[in-house]
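Below is one structure, written out as structure tokens; comments come after it.
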């Protein structure tokens, strides 16, 4: 079989190349994938089995996010230096220090307090959607939801949601023709977010409130505090990660329900199943497809020798279909329990900080949709994002009755 599991055009046309990934899991779970000199990226080790993705995720000492960053594409060293200020591209102990400061705003207790507010947002969105003749699930439901929640977390005006949405698209959509931006435009979007974060922090110093910004600009119990740059970069990460994962998991989940109507019928009959459905949606969709690590020393995975400096790419979408972990992995089952999906990371230092929030948003959204619009259906073709990083859908026409 010819293997290319990072072909962005394939992702745009078909989504995740599950057939190729299954072949790799069965025949070459640690596979040397040839690079592409024309596109400017070197060869890499493709790691596709659940156990191995977890192993790489939990051994930051051997598989670094900082050395050549966590994203797939190569960047020049001067750009890498700036990117290393983001938690995504850090290793312990610096990552541990930063995460401990930020985590105060994302504990399960803090997130649980948002449930009724999220439910109100979902009802408001479907109220607004009900009166529209041309309805797109992305622009009318799945994109606004996390944007409203991010505004709530930051204590930002809800009117800011449109510019947050636009910043996010400019930051992640460079490879898609509908969003295509130059590197300079992407940097400009990052600078705008940076300035926006600074203005939020300044406002909260003058007028503290019960929101995440106020918590994060104050010292912790040990007297440590985020620097101005650290706070601004955290807001940048929140705007991208907090938006993209929920938006694409929700849209991918809705599309999957259209493709598996018997599972939608189960949810409509018993909305309590939304709790397990949220995990199954994350497993099935895997909104973040991959991350990159760099070997810090000569090592092995499944007997395959990996040299110091080698590029190692872990595929969450593949790990979440591993038959060694999941019974009937190619069956979408909203009652699947237990469900050791790793759509939010394989554990370790970089396990998704917002996983509780994302699953809460998904659970409440599908509870509301199954109650309010049990006959929701697909009204046109889904348009996929041209990206091997984000398993995204740009538009999904729907009808409500």
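Residue numbers (our numbering): 32 to 432.
Backbone N, C-alpha and C define an ideal beta-carbon position, used for all residues, glycine too.
Asked, Found
"Three-state secondary structure (DSSP) of residue 409", "strand"
"Touching by the beta-carbon criterion (3+ pairs, under 8 Å), the segment 218–238 and the segment 180–198", "yes"
"Residue 141 and residue 247 closer than 9 Å at C-beta", "no"
"Distance between residue 425 and residue 324 (C-alpha atoms, nearest Å)", "28 Å"
"Chain-order list of residues whose beta-carbon lies under 6 Å from that of residue 344 (same chain, five-residue window excluded)", "75, 77, 321 and 323"
"Opposing strand residues paired with residue 330 [DSSP bridges]", "337"
"Status (buried if at least 16 other CB within 10 Å, exposed otherwise) for residue 342", "buried"
"Residue 261 and residue 318 closer than 9 Å at C-beta", "no"
"Cβ-based neighbour list, residue 169, same chain, cut-off 6 Å, excluding 5 preceding and 5 following", "282, 426 and 427"
"Continuous beta strand (DSSP E) stretch holding residue 426: start and end", "424–426"
"Proximity to residue 303 [Cα-Cα], best of 216, 402, 335 and 372", "402"
"Exposed unless 16 or more other CB atoms sit within 10 angstroms - verdict on residue 254", "exposed"
"Inter-residue Cα distance where the pair is residue 96 and residue 300", "44 Å"
"Those residues which DSSP pairs with residue 325 across a bridge", "95 and 342"
"Nearest-angstrom Cα separation, counted from residue 418 out to residue 39", "5 Å"
"Per-residue DSSP class, three states only, for residue 78", "strand"
"Completely contained beta strand (DSSP E) runs for the segment 109–193, where each covers 3 or more residues", "none"
"Simplified DSSP state of residue 353, which is helix, strand or coil", "coil"
"Neighbourhood of residue 166 by C-beta, 8 Å cutoff - its chain only, sequence neighbours within 5 removed", "160, 410, 428, 429, 430 and 431"
"Residues near residue 49 by beta carbon distance below 7 Å, same chain, minus five either side", "352"
"Length of the line joining the Cα atoms of residue 378 and residue 348", "15 Å"
"Supposed close pair residue 203, residue 179 - CB separation, criterion 8 Å", "Not quite, the Cβ-Cβ distance comes to about 19 Å (not below 8 Å), so this is no contact."
"Reference residue 334, options 405, 118, 46 and 59, closest by Cα", "59"
"Residue 84 and residue 346 closer than 9 Å at C-beta", "yes"
"Residues near residue 243 in its chain [Cβ-Cβ closer than 7 Å; skip 5 each side]", "136, 184 and 185"
"Proximity to residue 293 [Cα-Cα], best of 267, 53 and 365", "365"
"Assigned secondary structure, residue 309 (DSSP; H/G/I helix, E/B strand, else coil)", "helix"
"Alpha helix (DSSP H) segment containing residue 265, residue limits", "259–290"
"Where residue 417 sits in the DSSP three-state scheme", "coil"
"Residue interval of the alpha helix (DSSP H) (run including residue 397)", "386–403"
"Touch test, the segment 186–193 against the segment 393–401, Cβ-Cβ under 8 Å, three pairs minimum", "no"
"Distance CB(residue 387)-CB(residue 124) smaller than 9 Å", "no"
"Residue 181 and residue 187 closer than 9 Å at C-beta", "yes"
"Option nearest residue 363 by Cα separation, candidates 407, 309, 104 and 36", "309"
"Where residue 430 falls: helix, strand or coil (DSSP)", "strand"
"Option nearest residue 298 by Cα separation, candidates 389, 158 and 404", "404"
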